[in-house]
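What follows is one structure encoded as structure tokens, with my remarks underneath.
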Amino acid sequence: MQINEHSPLALTVKQFCTQFSISRTTFYEEVKARRLEVRKIGHKSIVLTAEAQRWLASLPNSAAREQRARSPR
214 MQINEHSPLA LTVKQFCTQF SISRTTFYEE VKARRLEVRK IGHKSIVLTA EAQRWLASLP
274 NSAAREQRAR SPR
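Those letters in the sequence shown? Residues 214 to 286, per our numbering, in order.
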């Protein structure tokens with residue numbers, strides 16, 4: 214996700230879930246775990262575009278996931 218002059222400053226929950234191909238359940242799990250910060254406008258939750266980029270950058274890469282899956286227990 215690149216920010217440019219045409220990018221919105223914030224995304225609704227629906228827009229965020231569509232943009233990142235995640236379910237609303239996953240979205241709210243990320244919020245509850247404090248890995249994603251939301252802002253409120255009345256009853257509506259929004260995610261600032263900068264926060265969306267920070268969240269995306271914080272996700273583990275596939276190499277890290279594969280190494281965890283292979284490590285002996």
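Every residue gets a Cβ at the ideal spot worked out from N, C-alpha and C, and that includes glycine.
Practice item. Could you tell me whether the segment 217-226 touches the segment 257-273, using the rule of 3 or more Cβ pairs below 8 Å? Key: Yes, they touch.
Practice item. Can you have a look at E243 and say buried or exposed, based on whether 16 or more other CB atoms are within 10 angstroms of its CB? Key: Counted from its first residue, the sequence shown places residue 243 at position 30. With 16 or more other Cβ atoms from the protein chains shown falling within 10 Å of its own Cβ, E243 counts as buried.
Review point. Short check: CB of R237 to CB of V251, under 8 Å?
Key: What you label residue 237 is simply residue 24 of the sequence shown in a count that begins at 1. What you label residue 251 is simply residue 38 of the sequence shown in a count that begins at 1. No, Cβ-Cβ distance for R237 and V251 is not below 8 Å.
Check your understanding: For the beta strand (DSSP E) that A246 lies in, which residues bound it at each end?
Key -> The sequence position of residue 246 within the sequence shown is 33, counting from 1. Segment: none, A246 is in no beta strand (DSSP E) and carries neither H nor E.
Practice item. Put S271 into one of helix, strand or coil per three-state DSSP. Key: Numbered from its first residue, the sequence shown carries residue 271 at position 58. Of the three classes helix, strand and coil, the one that applies to S271 here is helix, per DSSP.
Check your understanding: Which partner residues of T262 appear in the DSSP bridge assignment?
Key -> Taking the first residue of the sequence shown as position 1, residue 262 is located at position 49. In DSSP, T262 forms no bridge with anything.
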